[in-house]
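Residue numbers (my numbering): 138 to 218.
Right under this line is the structure:
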């Protein structure tokens, strides 16, 4: 997966998974290394989708710049699951 994820996307995954929860931190590392199982990819996609709904859309339900980054990240993760 690291051929698909650019450095910005890798940093975004680390940021999303960096809440002190060790399993999420390990998930970020596996995503960057391209070693996600399909179940792990599903968990990561859920995390990205939740972040999109909370912070990635405007009041008119259009994606903001951060939302567009999250959409691209979601596409990249889905391509490799």
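Every residue gets a Cβ at the ideal spot worked out from N, C-alpha and C, and that includes glycine.
Nearest candidate by alpha-carbon position, reference residue 214, set 161, 189, 175: 175
Please report how far the alpha carbon of residue 184 lies from the alpha carbon of residue 197, in whole angstroms. 22 Å
Taking the continuous alpha helix (DSSP H) assigned at residue 204, which residues delimit it? 202–216
Taking the alpha-carbon of residue 189 as reference, which of 216, 153, 163 has the nearest alpha-carbon? 153
Taking the alpha carbon of residue 182 as the point to measure from, which residue in 145, 148, 209 has its own alpha carbon closest? 209
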